[in-house]
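>
See below:
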C-alpha cells in the first residue's frame, strides 16, 4: 500500500482532481502528534484492504499551514474523504479499527462488507473463510439454518456470536420452540412475528412472560426473545416504549 505525501503545491492534482476518479482519504497530521502516529497504521490497513479503489494521502499540517487553514483544521489527527473534489465524510481524533473500517465502508465497502450485503449463503460462507468469527455472517447463517428447520446447526453458528440481543433472542426462540407443545401460544407468537405482526407477537410473548413461573427457565428465554424484538424496533418506536413498560412489570 503506497501512502502519498502531499503538500500545497500538488494538493489540487493529488487530491481534488484525483477524487474525480476514486475517493481520496486525507490524513492531516504532524510528527509531534502521538494520536496521529496511533491512527496512521489503522488508516493504512483500511486503505490496503481496498487497494486500487481508494487513495490515502498524508498532509503534514506544520509544513502546509495554508491547506490546514483552508479546510479549517483545528485539531489533529483530522481525516477528510474527498469525492469529486468535495469533502464527503470526515472525523477528528484517533479512532479504533472498527470505526475506521466503518468510515471507509461508507466510501468503498470492503470485500467482507460487500459479501455481507449480498447476503446469500455462498457469500456468507466466503466471509467466514476470511473471518471465521465474523458475528454478522454467523448470525445470518444461523437465521438461514433456523428457517430451514436445522435448529442444531443454527445453535452451533450462534455460539460464535457474543454480545448480541438478536443472537441471544434467536437462541431463546429455538429453545422455546423445542418445548412449544406445552405452550402453543408461544409458537403462535413467533408465527405472528414472522408474518410482520410485531404487535400481536409481542403481546402474546409478554402475556406468556407475565404468566410464567418465576423459577422456570422459560422466563429468561421469553425475556431474551422479547428484548431481541424490542432492540430491532429501536428505543423511539411507540410499541417498544409500551412493551418495555409491560416487560418491566412482568419481571419486577
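Residue numbers (our numbering): 4 to 255.
The C-beta atom is built at its ideal place from N, Cα and C for all residues, glycine as well.
(1) Spatial neighbours of residue 95 within its chain, please: CB distance less than 7 Å, with the 5 preceding and 5 following residues excluded, ordered by chain position.
(2) Relative to the alpha-carbon of residue 130, which residue among 178, 115 and 214 has its alpha-carbon at the smallest distance?
(3) With 16 as the cutoff for other CB atoms within 10 Å, does residue 238 come out buried or exposed?
(4) Using the three-state DSSP reduction, which class does residue 13 fall into: helix, strand or coil?
(5) Would you list, in sequence order, the uninterrupted alpha helix (DSSP H) runs of no fewer than 4 residues that lie entirely inside the region 187–247?
(6) Whose C-alpha, out of 67, 196, 113 and 230, is nearest the C-alpha of residue 10?
(7) Could you compute how far the alpha carbon of residue 113 sits from the alpha carbon of residue 86?
(8) Have a look at residue 151 and residue 76 and give me their C-alpha separation to the nearest angstrom.
(9) If you draw a straight line from the alpha carbon of residue 246 to that of residue 207, how long is it in whole angstroms?
(10) Counting only the same chain and skipping the five closest in sequence on each side, list residues whose C-beta sits under 6 Å from that of residue 192.
(11) In whole angstroms, give me the CA-to-CA distance for residue 55 and residue 111.
(12) Residue range of the alpha helix (DSSP H) that residue 103 falls in?
(13) Which residues mark the beginning and the end of the alpha helix (DSSP H) in which residue 70 is found?
Inspection of the coordinates gives the following:
(1) Along the chain shown, read from residue 1 onward, the residue named residue 95 stands at position 92. Cβ neighbours of residue 95 beyond the five flanking positions: 78 and 81.
(2) Residue numbering aside, residue 130 sits at position 127 when the chain shown is read from its first letter. Measuring from the Cα of residue 130, the nearest candidate turns out to be 115.
(3) Residue numbering aside, residue 238 sits at position 235 when the chain shown is read from its first letter. Exposed: under 16 other Cβ atoms inside 10 Å.
(4) Along the chain shown, one-based indexing puts residue 13 at 10. Three-state result, residue 13: coil.
(5) 187–197, 201–213 and 220–236
(6) As a first step, residue 10 must be located in the chain shown, where it is residue number 7. The option with the nearest alpha carbon to residue 10 is 67.
(7) If you number the chain shown from 1, residue 113 lands on position 110. If you number the chain shown from 1, residue 86 lands on position 83. As the crow flies, the alpha-carbon of residue 113 is around 17 Å from that of residue 86.
(8) Mapped onto the chain shown, residue 151 falls at position 148. Mapped onto the chain shown, residue 76 falls at position 73. The alpha-carbon atoms of residue 151 and residue 76 are separated by roughly 54 Å.
(9) Walking along the chain shown from the start, residue 246 turns up at place 243. Walking along the chain shown from the start, residue 207 turns up at place 204. Roughly 11 Å between the two C-alpha positions.
(10) The residue you call residue 192 lines up with position 189 of the chain shown. 204, 207 and 208, listed in sequence order.
(11) Taking the chain shown and counting its residues from 1, the one referred to as residue 55 is at position 52. Taking the chain shown and counting its residues from 1, the one referred to as residue 111 is at position 108. Distance between the alpha carbons of residue 55 and residue 111 is about 10 Å.
(12) Within the chain shown, residue 103 is the residue found at index 100, counting from 1. In the DSSP assignment, residue 103 falls within the unbroken alpha helix (DSSP H) covering 100–110.
(13) Taking the first residue of the chain shown as 1, we reach residue 70 at position 67. Note, residue 70: alpha helix (DSSP H), 68–73.
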